[in-house]
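Visitor: Can you read through this structure? Questions will come right after.
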Amino acid sequence: LFNTRVMEEAGNPNHPLLERLRFLSISATNLDEFYMVRVAGLKGQVRAGVQSISQDGLSPSQQLRAIHTAVEKLMQDQQSLFHSLIQEMRDEGVSLIKPDELSDDDMQWLETYFMDQVFPVLTPLAVDPAHPFPFIPNFGFALVLKLEAPGDADDLRALLPIPHLLNRFIRLPGDDIRFISLEDLIEMFLDKLFPDFKLLMKGRFRLIRDSVVEIDEEAEDLVRTFESALKRRRRGVTILLGMHSDTPDELRELVIENMELGADDVVYRDGLLGLAETSQLIVDDRPDLLFEPFNARFPERVRDFNGDCFTAIRKKDFIVHHPYESFDVVVQFLRQAANDPMVVAIKQ
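Using our numbering, the letters of the sequence shown map in sequence onto residues 467 to 814.
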């Protein structure tokens with residue numbers, strides 16, 4: 467219900483356009499955290515065989531089915547709203563473009579950017595009996611590929627994890643505000659990573675892992691306990707796998723089987739995976755598309771005392787209907803009045 471309310475703000479045309487995008491990013495972040503904690507807890511109960519009924523009259527497995535139904539609609543609404551916002555942003559001069567919209571100059575600049583900033587941190591990983599399926603961390607985003615090897619060699623199945631340290635959206639140079647997604651950029655230059663290979667199939671996926679941390683407060687060494695818990699958290703159980711809907715069945719099965727996931731653990735999306743990162747599209751260049759900044763008023767008298775509000779109050783001349791005029795005496799008077807028998811009787 468709360469996240470639906472956030473979504474309503476993202477669709478409110480009375481808000482500036484980029485602020486609506488920020489609300490959408492917040493709703494996606496909230497949903498990710500909901501899966502990391504609340505859904506992860508329910509799945510842990512199911513694995514432990516817990517059948518107890520909650521206050522809403524549902525067992526853990528029934529709650530998971532209800533969540534899956536509700537979240538499916540919420541995710542569809544998020545994608546629909548994102549598509550609408552992207553169109554409105556384009557009309558306002560802020561564009562998320564596709565590779566077929568790039569000019570020759572753009573391609574040249576992006577190739578240089580890719581080789582200098584992206585290529586050095588990418589690590590393609592083969593997936594075959596000799597190379598087990600690699601570990602993908604929480605919020606991990608990756609490309610899954612099938613490539614035709616040169617000569618008579620067998621086709622290559624590979625994963626290309628995308629490190630978190632890279633920006634999800636790359637802004638192109640020029641007066642116009644234009645971005646391209648990191649996954650589109652990488653797919654444009656796959657030949658740099660796999661020379662002499664021919665791309666046969668490709669897909670994208672993003673996963674969320676269990677991040678619940680349980681701490682024994684009576685442990686002898688809390689520091690070591692926390693260190694161990696945080697390491698386990700990084701390798702938590704996969705809670706949700708989001709895949710792009712155009713991922714071929716062969717590559718879908720490759721990922722799902724190696725992660726040992728069920729049908730309810732996977733969602734397919736036509737649009738962008740990881741909407742939480744769309745906040746990177748919010749730029750300062752267009753203040754007309756943002757909320758007007760709020761500048762809090764700081765009283766001049768407090769500034770006169772270098773920001774020490776208590777000194778400013780102490781030095782202030784009080785006008786009170788009482789013979790005492792100094793600040794300290796007034797405070798003492800108020801304390802005495804609070805303990806006056808008549809005042810206590812009135813309070814009671």
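All residues carry an ideal CB built from backbone N, CA and C; glycine is no exception.
(1) State the CB to CB distance for the pair Ile636 and Phe645, rounded to an integer number of angstroms; the pair is presumed to be in contact (CB under 8 Å).
(2) Check Val472 in the structure and name its three-state DSSP category.
(3) Tell me, to the nearest whole angstrom, how far the beta carbon of Ala825 is from that of Leu611; I am working on the premise that it is less than 8 Å.
(4) Between which two residues does the alpha helix (DSSP H) containing Ala532 stretch?
(5) Hey, how far is the Cα of Phe489 from the Cα of Ser550?
(6) Taking just the CA atoms, how far does Leu656 sit from Leu576?
(7) Do you know offhand how far Val786's Cα is from Phe760's?
(8) Are Ile533 and Val560 touching if we call contact CB-CB under 9 Å?
(9) When the Cα atoms are used, what is the spatial distance from Leu638 to Asp582?
(10) If we ignore side chains and look at the alpha-carbon of each, how far apart do Leu484 and Met667 end up?
(11) Would you please state the rounded distance, in angstroms, between the beta carbons of Leu461 and Lys664? I believe it to be under 8 Å.
(12) Taking just the CA atoms, how far does Phe548 sit from Asp751?
(13) Using the beta-carbon count (16 or more within 10 Å), is Thr470 buried or exposed?
(14) Please work out which residues of its chain come closer than 8 Å, Cβ to Cβ, to Ser677, disregarding the five sequence neighbours upstream and downstream, and give them in chain order.
(15) From this set, Arg634, Asn480, Ala536, Met654, which residue's C-alpha is nearest Leu562's C-alpha?
(16) Given this structure, state the Cα-to-Cα distance separating His630 from Asp662, to the nearest angstrom.
(17) Considering only the beta carbon of each residue, do Ala608 and Arg670 sit closer than 9 Å?
(18) When burial is assigned at 16 or more other CB atoms within 10 Å of the CB, is Tyr790 buried or exposed?
(19) My assumption, with CB atoms under 8 Å, is that Ala536 sits in contact with Leu741. Please give the rounded CB distance.
(20) By how many angstroms is the C-alpha of Asp770 removed from the C-alpha of Thr499?
(21) By a C-beta neighbour count over all protein chains shown, 10 Å radius and 16 as the cutoff for buried, is Val516 buried or exposed?
(22) Taking a contact to mean a Cβ-Cβ separation below 9 Å, would you say Ile602 touches Leu673 in this structure?
(23) Could you check whether the Cβ of Leu576 sits closer than 9 Å to any Cβ belonging to chain D?
(24) Based on Cα-Cα distance, which residue from Phe660, Arg735, His597, Leu648 lies nearest to Ala615?
(25) Could you check how far apart the C-beta atoms of Gly708 and Arg675 are, in whole angstroms? I think they sit under 8 Å.
(26) I'd like to confirm the pairing. Which residues does DSSP put opposite His597 in its beta bridges?
(27) Compute the distance between the beta-carbons of Lys539 and Pro526, then report whether it is under 9 Å.
(28) What did DSSP end up calling Phe607 once you bin it into helix, strand or coil?
(29) I'd like the list of long-range same chain contacts for Ala476, defined as Cβ closer than 7 Å, with 5 residues on each side in sequence excluded.
(30) Output needed for Glu558: all residues of its chain with C-beta closer than 8 Å, excluding positions within five of it in sequence on either side, in chain order.
(31) Quick one: residues in its chain with C-beta nearer than 7 Å to the C-beta of Ser711, no 5 flanking neighbours on either side, listed in chain order?
(32) Whose C-beta lies closer than 6 Å to the C-beta of Pro714 among residues of the same chain, with five residues either side of it excluded?
(33) Alpha carbon to alpha carbon, how far is Ser647 from Phe776?
(34) When burial is assigned at 16 or more other CB atoms within 10 Å of the CB, is Glu649 buried or exposed?
(35) Nearest by alpha-carbon distance to Thr744: which of Ala514, Gln545, Pro479, Leu524 is it?
Guide: Taking the structure as given:
(1) The beta-carbon distance between Ile636 and Phe645, rounded to whole angstroms, is 6 Å. This is short enough to meet the 8 Å contact definition.
(2) Three-state result, Val472: helix.
(3) Because the chain here runs from 467 to 814, residue 825 falls outside it and cannot be looked at.
(4) For Ala532, the enclosing alpha helix (DSSP H) covers residues 526-557.
(5) Just so you know, the alpha carbons of Phe489 and Ser550 end up roughly 14 Å apart.
(6) Going by the C-alpha atoms only, they are around 13 Å apart.
(7) Since pLDDT at Val786 reaches only 47, below the 50 mark, its modelled position is unreliable, and the value read off the structure follows with that caveat. Taking the straight line from one Cα to the other gives about 35 Å.
(8) With a cutoff of 9 Å on beta-carbon distance, Ile533 and Val560 are scored as not near each other.
(9) Between the alpha carbons of Leu638 and Asp582 lies a distance of about 15 Å.
(10) Rounded to whole angstroms, Leu484 to Met667 spans 35 Å at the Cα level.
(11) Residue 461 is absent from the structure shown; the chain starts at 467 and stops at 814.
(12) Spanning the alpha carbons of Asp751 and Phe548 requires a straight line of approximately 21 Å.
(13) Exposed is the call here.
(14) Within its own chain, the residues whose Cβ lies closer than 8 Å to the Cβ of Ser677, once the five positions on either side in sequence are excluded, are Met502, Val503, Ala506, Asn604, Arg699, Gly702, listed in chain order.
(15) Put simply, of Arg634, Asn480, Ala536, Met654 the residue whose alpha carbon is nearest the alpha carbon of Leu562 is Arg634.
(16) It is roughly 28 Å from the alpha-carbon of His630 to the alpha-carbon of Asp662.
(17) Going by C-beta atoms, Ala608 is nearer than 9 Å to Arg670.
(18) Reliability of the predicted coordinates at Tyr790 is poor, the pLDDT of 46 falling under 50, and the value obtained from them is presented with this limitation in mind. An exposed status is given to Tyr790, since fewer than 16 other beta-carbon atoms sit within 10 Å of its beta-carbon.
(19) With 8 Å as the limit, Ala536 and Leu741 do not qualify as a contact, their Cβ atoms being about 17 Å apart.
(20) The sequence shown places Glu at residue 499, rather than the Thr named in the question. Distance between the alpha carbons of Glu499 and Asp770: 45 Å.
(21) Looking at its Cβ environment, which holds fewer than 16 other Cβ atoms inside 10 Å, Val516 is exposed.
(22) The Cβ atoms of Ile602 and Leu673 lie closer than 9 Å to each other.
(23) Looking for chain D here will not work: only one protein chain is present.
(24) Relative to the Cα of Ala615, the nearest Cα in the group Phe660, Arg735, His597, Leu648 belongs to Phe660.
(25) Contact flag wrong, Cβ pair sits at about 13 Å.
(26) According to DSSP, His597 bridges with Asp594.
(27) In this structure, Lys539 keeps its C-beta atom at 9 Å or more from the C-beta atom of Pro526.
(28) Under the three-state reduction of DSSP, Phe607 is assigned to strand.
(29) Cβ neighbours of Ala476 beyond the five flanking positions: Arg486, Phe489, Leu490, Ser493, Leu547.
(30) Within the same chain, Leu483, Arg752, Leu755 come within 8 Å of Glu558 by CB-CB distance, once the 5 residues on both sides are set aside.
(31) Cβ neighbours of Ser711 beyond the five flanking positions: Tyr734, Arg735, Asp736.
(32) Cβ within range, chain order: Met667.
(33) In a straight line, the C-alpha of Ser647 is about 52 Å away from that of Phe776.
(34) Answer is buried; the Cβ neighbour count reaches 16.
(35) For the residues Ala514, Gln545, Pro479, Leu524, the minimum Cα distance to Thr744 belongs to Gln545.
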